[in-house]
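Chains R and G, in that order, are what the protein sequence lines are.
For the first sequence, counting from 1, position 59 maps to 59 in our numbering; every step adds exactly one.
For the second sequence, counting from 1, position 8 maps to 145 in our numbering; every step adds exactly one.
Beta carbons: idealized from backbone N, C-alpha and C, even for Gly.
Inspection log for the structure reproduced underneath, given as structure tokens.
Number of protein chains: 2
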Amino acid sequence: MQEDKKQNSVRFSRTRKHHANETAEDYVEAVAEIIDASGECRVLDLAKYFDVSHVTVSRIVKRLQGEDLLVTRPYRPISLTKQGAKMARYAKQRHEIVLDFLVAIGVDTQTAEIDSEGIEHHVSAKTLAAMKRFLTK
Amino acid sequence: MQEDKKQNSVRFSRTRKHHANETAEDYVEAVAEIIDASGECRVLDLAKYFDVSHVTVSRIVKRLQGEDLLVTRPYRPISLTKQGAKMARYAKQRHEIVLDFLVAIGVDTQTAEIDSEGIEHHVSAKTLAAMKRFLTK
DNA sequence: CGGCATCCGTAGCCATCGCTACAATTCACA
DNA sequence: TGTGAATTGTAGCGATGGCTACGGATGCCG
Ligand SMILES: [Mn+2]
Ligand SMILES: [Mn+2]
Ligand SMILES: [Mn+2]
Ligand SMILES: [Mn+2]
């Protein structure tokens, strides 16, 4: 009984951890995409990308710099650290697999794009592997 | 271009909305489950269920009562409103389908239980329908 | 090369969900 | 029935991520 309760609550703790990482994952992925598309990434680019105010972006960028994922200086463009670039590559791959997977099971593209944006952060390595297997079969 | 950016940012707004609903969905589902299993639902039952402090639960319960999902009185058990019960039924169904679906594509049960706890909130009606189709085939 | 538009940072507000410490209520049982 | 243990509420803190308002920096172009 006690065992069951402890076991049970683990999944909620895990979900809370996934959400703590979510902003970081979306941001590094966005920075990589914006740099790839336009050469540099500015605070305002991210604000438009996520449809939030530049203030929100600015604060989050500062936090992520403290976590060694981004580098920037005041009024300067944003770039990824080695660690940030690594996270971006993983996040992008995972996102693409989740998106392709949803389309593969018959979800329309627009819905798949919306749902995958949230789902991706909760897809563990094992679930990702299962999706990959499904796609290659 | 502008069009693309607007279109694009929609999925992030949507994900933010999903997260705003997440606590409500998990709580009504938990209340229903606890009442079903033990006859009544107390603040402490929820605190143990989610592995958070009773203070966190107490505040959230108050908020959800304001949203007409729960009913309670100080030092009294918690029950669901009609609207809360409806949300609980939907959340439970959706959760079960997501869980079964993950297992069906080859994810081990424990991982499926963890991942489905987060994924469920981002699964739209269309994606849910696709998962159902997959399960019945 | 100076001024102005654009971009970015800071101040300060709100909501949500974590927490500890302490106060109040309830209820079981001695 | 009184009291102490268990339960629940309140006060007050932190982190995160939204916002508006405003001030400072940058850089383009006349
Ligand atoms: Mn995302
Ligand atoms: Mn659930
Ligand atoms: Mn959940
Ligand atoms: Mn989520």
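Pick from the options that is closest to residue i, judged by C-alpha positions
| i | options | result |
| --- | --- | --- |
| R/Glu40 | R/Ile97, R/Val71, R/Glu67, R/Asp26 | R/Val71 |
| R/Ser116 | R/Ala24, R/Val103, R/Ala125 | R/Val103 |
| G/Arg153 | R/Val52, R/Phe12, R/Ile34 | R/Val52 |
| G/Phe187 | G/Asp163, G/Ala174, G/Leu206 | G/Asp163 |
| G/Arg210 | G/Val180, G/Thr273, G/Ile256 | G/Val180 |
| R/Leu135 | R/Glu29, R/Val98, R/Val57, R/Val61 | R/Val98 |
| R/Asn21 | R/Ile60, R/Asp100, R/Ala130 | R/Ile60 |
Spatial distance of residue i from residue j (CA atoms)
| i | j | result |
| --- | --- | --- |
| G/Thr160 | R/Ser79 | 34 angstroms |
| G/Glu261 | R/Arg89 | The question names Glu, yet the displayed sequence has Ser at residue 261 of chain G. Taking the straight line joining both Cα atoms gives about 27 angstroms. |
| R/Val10 | R/Ile35 | 38 angstroms |
| G/Leu265 | R/Arg76 | 44 angstroms |
| G/Gln202 | R/Ala85 | 44 angstroms |
| R/Arg133 | R/Phe12 | 27 angstroms |
| G/Thr218 | G/Lys229 | 16 angstroms |
| G/Ala169 | G/His232 | 14 angstroms |
| G/Val192 | G/Asp205 | 20 angstroms |
| R/Asn8 | G/Gly243 | 21 angstroms |
| R/Glu29 | G/Lys199 | 37 angstroms |
| G/Asp237 | G/Met268 | 9 angstroms |
| R/Ile119 | G/Ser175 | 32 angstroms |
| G/Ala249 | R/His122 | 10 angstroms |
Residue i CB to nearest heavy atom of ligand 1 below 6 angstroms
| i | result |
| --- | --- |
| R/Asp26 | yes |
| G/Glu233 | no |
Closer than 6 angstroms: residue i CB and nearest ligand 2 heavy atom
| i | result |
| --- | --- |
| G/Glu166 | yes |
Contacts of residue i in chain G (Cβ-Cβ under 8 angstroms)
| i | result |
| --- | --- |
| R/Ser124 | Thr248, Ile251, Asp252 |
| R/Gly39 | Ordered by position in chain G, no residue passes the 8 angstroms Cβ test against R/Gly39, which lies about 15 angstroms from the chain. |
| R/His18 | Gly255 |
Proximal residues of chain R, C-beta to C-beta of residue i below 7 angstroms
| i | result |
| --- | --- |
| G/Asp245 | Lys126 |
| G/Ala267 | Ile105, Gly106, Val107 |
| G/Leu239 | Thr127 |
| G/His232 | Going along chain R, no residue has its Cβ under 7 angstroms from G/His232, so there is no contact; the nearest lies around 11 angstroms. |
Under 9 angstroms from the C-beta of residue i: neighbouring residues of chain G
| i | result |
| --- | --- |
| R/Arg133 | Ile242, Gly243 |
_Please enumerate, following chain order, all residues with a beta carbon closer than 6 angstroms to at least one heavy atom belonging to ligand 4._
Spelled out in chain order, the answer is R/His19, R/Gly118, R/His121, R/His122, G/His156, G/Gly255, G/His258, G/His259.
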